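Worksheet: one structure, shown below.
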C-alpha cells in the first residue's frame, strides 16, 4: 500500500481574509490516478478535508483538519511508502509537522515530500529541502511527479536497491539530487484525477473554495500545465522553465463529461496558471462543450494573461458555453514596475475585454500586487487610478496581494525578516513596511466599493443576498463568509 497525504490547511489567525484559501489537491489526485493506473494499491489521507472544521492553534497560526495522531492511525500496517504533498507555501508548517509525525511513528517506511509545480502559491522544494530532512523526510521529489511517484513506489514494493532509487528523475535526499525529467508533453495520456479517493462531500459542504462557489458541488480542472511568461515574483518560471503545454479540447471536455456523469458536478474551476495561451484551444473547448450540450458552469479562477484572449468573439463564445468568471492580473498601474516585474500588460486590450465580459455576463477579477521591490508611493497611486478605470469599465472585484518572497521566485533573495515559511502568505506581517502597504490596501478596497456603487450600483446591491444564500459569484462575496467561519473556529480551537 502506498499512502498519499494532503496536509492540514493553515490559517494566519490575524488575517482570515487572505489566508486559509482552500485548494483541492488536484496534483495529488493526478498522482493517485497514475499509481492506480500502474496497479499500485493507493490510499489518500486528506488531513484537511477529512475533518475541515476541527481546529487547533499553533502560535500565530490555526491548523484545520486531523491531528497528528489521527493521521498516523490511518496508515495501514502494509504501507510501503508515504508521500506527503507540499501543496502550497502557506501550508508548509503542516507539511513539516506531518512529515515529523509519520516518520516518528513509522521509522522504517520511506517518507517522500512531493512538489507541486502547477500553482503560483507553491514553492521550490530543493531550495528548502533541509527543513523536510530535519523533520524526518527521507526524500524530496521535484518536478512533475505523475510518473516518478509510480517508479519510486514500484521500486520500494519490489525491494529495489538504493542504487536504483538514485536514478529516479527529480528524486533527492541529503546524499544526492536528480534533476527533474523533461515536462510531460502528452497530457492527454494521463488518467483523470482520482477524486473518488478524496472526501469530496466535505469540500463541497464548506461552500467556499479558491474560486467562488455558485453551486452545491464543483471540481477543479487543469487543462494545461506551465506558463510561458517570466514574472519575477512568481515560482512558475523556476518550476516550469517557461514551458506551456496543453491538453486537447476533446480530452478536457471528456473529463468534464466524465465527472458530470459520475458525480453530477455542474461547476468546474480551471486552476491552470494560464489556460488561454492558445485562443483557438479555448474556442475549441467552448465548441466541444456546446456540441455535447453540457449544461455546466466553468470559471477561470487562478488567473490568465488577458492579452491571450484575442478578441470579443472569444468572450462571447466562452459565455455561451457556460463561463461565468475570469480572473486576470494587471498587477500594477505602473509601467515602470511592470518592466521590473518582466510582465507586460496591454491596458487598452484589457479594458475592451473586461467591458465585453461585463456585457456577456461573465464576472471578472483583477489582481494586483503591492510592495514589489523599488515600488514608490507614485507607483501605488498609478495602481489606484487603474483600479478606478477598471471599475468604470465593469470589473466585478479586485484582489490586492502584498508581495511575499516565494522560494524559487527571482525576487526571493530580496526579502528578509520572516521566521517561518508559512508566514510567506498574502499578508506578510513580518515586512517592515507591512502596515503602510496594508493601510493602502484597505484604503483602495474601500474606494473600489465606493466606485462600484457609483458606476454599477445594481451589482453591489446583489452581494448581500448572494452572501446570505451562500451562492457566490465573486471571491469578494465568498471571502467574508470564509473569514466568519475561521473566526468562529479560532474562538473555540484548542491550543497545540
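Numbering (UniProt numbering), first residue to last: 1 to 496. Glycine is no exception: its CB is placed at the ideal position from the N, C-alpha and C atoms. Computed from a predicted structure; not experimentally measured.
Asked, Found
"Simplified DSSP state of residue 69, which is helix, strand or coil", "helix"
"7 Å Cβ cutoff met for residue 42 and residue 32", "yes"
"Runs of alpha helix (DSSP H) wholly within the region 173-207 (minimum 4 residues, chain order)", "200-206"
"Among 340, 339, 285, nearest to residue 322 - alpha-carbon criterion", "285"
"Reference residue 20; option with closest CA among 45, 142, 89", "89"
"Neighbourhood of residue 480 by C-beta distance below 7 Å, restricted to the same chain and skipping five residues each side", "467"
"Buried or exposed by the 16-neighbour rule on C-beta atoms within 10 Å, applied to residue 69", "exposed"
"Top-ranked residue by Cα proximity to residue 292, from 95, 330, 250", "250"
"Neighbour-count burial assignment, residue 167, 16 or more Cβ in a 10 Å radius", "exposed"
"Stretch-stretch touch, CB-based, cutoff 8 Å, three pairs: the region 226-242 with the region 120-127", "yes"
"Delimiting residues of the beta strand (DSSP E) encompassing residue 226", "224-226"
"Classification of residue 247 by the beta-carbon crowding that lies within 10 angstroms, buried from 16 upward", "buried"
"C-alpha distance - residue 158 paired with residue 36, whole-angstrom precision", "16 Å"
"Bounding residues of the beta strand (DSSP E) (the contiguous stretch that carries residue 304)", "297-304"
"Closest residue to residue 349 among 104, 390, 164 (Cα-Cα distance)", "390"
"Cβ-based burial, residue 365 [other Cβ within 10 Å; buried from 16]", "buried"
"Through-space distance from residue 419 to residue 432, alpha-carbon basis", "13 Å"
"Residue 15 beta carbon less than 7 Å from that of residue 493", "no"
"Burial state of residue 179 (16 or more Cβ within 10 Å)", "exposed"
"Helix, strand or coil at residue 366 according to DSSP, with G and I counted as helix", "strand"
"Beta-bridge pairing of residue 339 - partner residues as DSSP gives them", "BP columns for residue 339 are empty, so no partner."
"Identified DSSP bridge partners for residue 46", "6"
"Closest by C-alpha distance to residue 288, when choosing among 317, 276, 272, 278", "317"
"Short Cβ contact (7 Å threshold) for residue 102 with residue 132", "no"
"3 or more residues per run - each beta strand (DSSP E) lying fully within the region 60-146", "61-64, 81-86, 111-115, 139-141"
"Continuous beta strand (DSSP E) stretch holding residue 55: start and end", "55-58"
"Length of the line joining the Cα atoms of residue 52 and residue 111", "24 Å"
"Pick from 254, 195, 128 that is closest to residue 189, judged by C-alpha positions", "254"
"Close beta carbons around residue 181, own chain, < 8 Å, minus the five adjacent residues each side", "143, 144, 147, 148, 169, 170"
"Assigned secondary structure, residue 430 (DSSP; H/G/I helix, E/B strand, else coil)", "coil"
"The region 467-476 touching the region 394-405, judged by at least three CB pairs closer than 8 Å", "yes"
"Three-state class that DSSP yields for residue 26 in the structure shown", "helix"
"Rounded straight-line distance, which links the Cα of residue 193 to that of residue 368", "31 Å"
"Cβ separation of residue 50 and residue 202, assumed to be a contact under 8 Å, to the nearest whole Å", "7 Å"
"Three or more C-beta pairs below 8 Å linking the region 338-355 and the region 204-219", "no"
"Exposure label - residue 511; buried when at least 16 CB within 10 Å", "The question about residue 511 has no answer, for the chain in this structure spans 1 to 496."
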